[in-house]
Amino acid sequence: MELTTVRIEVCGIYCATANSTEVIVATTEQGRGIVGVIDGFVPNGVESEEEIAWRKDYLLHVVGYRK
């Protein structure tokens, strides 16, 4: 059974990431179930104060994003 079939029939799965993901599916005598979703990449680093200011300025003035 594919994940699409499971999602349509019994649950909703929400995963917000730009990275590729993996889904852990377990099978027991009672059936199958989703154990979890793995976002398998570690962060590239932590933003500096200057990078945070640049990102916020970009989102506000270039993209037009507002909170």
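The sequence shown begins at -17 in the working numbering and counts up by one.
Just so you know, even glycine gets a beta-carbon here, dropped at the ideal spot from N, CA and C.
Please read these numbers as outputs of a predicted model, since none were measured by experiment.
- Taking the Cβ atoms as the reference, Gly15 lies roughly 15 Å from Glu4, outside the contact range of under 8 Å.
- By the CB criterion at 8 Å, Ile(-5) and Val19 fall inside the cutoff.
- When beta bridges are read from the DSSP output, Arg14 appears opposite Thr9.
- The alpha-carbon of Leu42 is positioned some 15 Å away from that of Glu32.
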